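Colleague: This is the structure I want to talk about, given as structure tokens.
In this note's numbering, the protein residues as written are 484 to 645.
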């Protein structure tokens, strides 16, 4: 199989997800759907960073507050505006979906390597990099870390709601 060279003009479709003081930068393919904020079902068995469950396509999807995963991002004070349903990225084991809270409407951006520059800050465990997209700071999340934390949670169900 021949190696494929990627040049600096190759565009990647990404999504910027607003948080309280910054935003997450994710590849578009990692996102299953963006839905309006819904009432969450409480889940007593979950840690602080998992704020509840949302029903989506017949699944009980855990809702995560990225800021509460011990990152460099400050915790937000207001309720989210929408939920970003994420596809599991790394392994075939674990939950197929989880949701991230967004404080605003995510937006699609097409980026090349030239559109980003490193923005050095102290990173948390759930963060891979901090970058500037143009003049806007963004965090690239560590999806492996997030999904590993999720795999330790007990199974959940929304069946009791009816």
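Ideal Cβ placement from N, Cα and C applies to all residues, glycine included. Since the structure is predicted, the reported quantities are computational estimates derived from the model, not experimental observations.
Let's test the definition: count the other Cβ atoms within 10 Å of the Cβ of residue 584 and tell me whether it reaches 16, buried, or not, exposed.
Modeller: Within the chain shown, the letter at position 101 stands for residue 584. Residue 584 comes out buried.
Colleague: Taking the C-alpha atoms as reference points, what is the distance between residue 504 and residue 524?
Modeller: Locating residue 504 in the chain shown gives position 21, where the first residue counts as 1. Locating residue 524 in the chain shown gives position 41, where the first residue counts as 1. Distance between the alpha carbons of residue 504 and residue 524: 26 Å.
Colleague: Please return the same chain residues whose Cβ sits closer than 6 Å to the Cβ of residue 560, not counting the five positions on each side in sequence.
Modeller: By 1-based counting over the chain shown, the position of residue 560 is 77. Legend: pLDDT at residue 560 = 49, less than 50; position of this residue unreliable, value from coordinates given subsequently. Excluding residues within five positions, none has a Cβ falling inside 6 Å.
Colleague: Check whether the Cβ atoms of residue 598 and residue 628 sit closer than 8 Å, and answer yes or no.
Modeller: Within the chain shown, numbered from 1, the residue matching residue 598 stands at position 115. Within the chain shown, numbered from 1, the residue matching residue 628 stands at position 145. Going by C-beta atoms, residue 598 is not nearer than 8 Å to residue 628.
Colleague: Hey, out of 612, 533 and 590, whose CA is closest to residue 637's CA?
Modeller: To locate residue 637, count along the chain shown from 1; it is residue 154. The shortest Cα separation from residue 637 among 612, 533 and 590 belongs to 533.
Colleague: Evaluate residue 501 with the Cβ neighbour count: other Cβ atoms within 10 Å of its Cβ, from every protein chain shown; 16 or more gives buried, anything less gives exposed.
Modeller: For the purposes of this step, residue 501 is identified with residue 18 of the chain shown, where counting begins at 1. Around the beta carbon of residue 501, 16 or more other beta carbons lie within 10 angstroms, which makes this residue buried.
Colleague: Is the beta carbon of residue 549 closer than 8 Å to that of residue 624?
Modeller: Taking the first residue of the chain shown as 1, we reach residue 624 at position 141. Taking the first residue of the chain shown as 1, we reach residue 549 at position 66. Result yes, Cβ atoms of residue 624 and residue 549 sit closer than 8 Å.
Colleague: Can you tell me the Cα-Cα spacing of residue 617 and residue 544, whole angstroms?
Modeller: Sequence index remark: in the chain shown, residue 617 carries index 134 (1-based). Sequence index remark: in the chain shown, residue 544 carries index 61 (1-based). Using only the alpha carbons, I get a separation of about 33 Å.
Colleague: In this structure, does DSSP put residue 638 in helix, strand or coil?
Modeller: Taking the chain shown and counting its residues from 1, one reaches residue 638 at position 155. In the three-state DSSP reduction, residue 638 falls in the coil class, being neither helix nor strand.
Colleague: Using a Cβ-based criterion (distance less than 7 Å to any ligand heavy atom), does residue 603 qualify as near the ligand MG?
Modeller: The ligand MG is not among the ligands present in this structure, which contains no ligands whatsoever.
Colleague: Once the 5 residues before and after residue 536 are set aside, which same chain residues still bring their CB inside 7 Å of it?
Modeller: Stepping through the chain shown from its first residue, residue 536 is reached at position 53. Taken in chain order, the residues that qualify are 523, 524, 526, 543, 544, 545, 546, 639 and 641.
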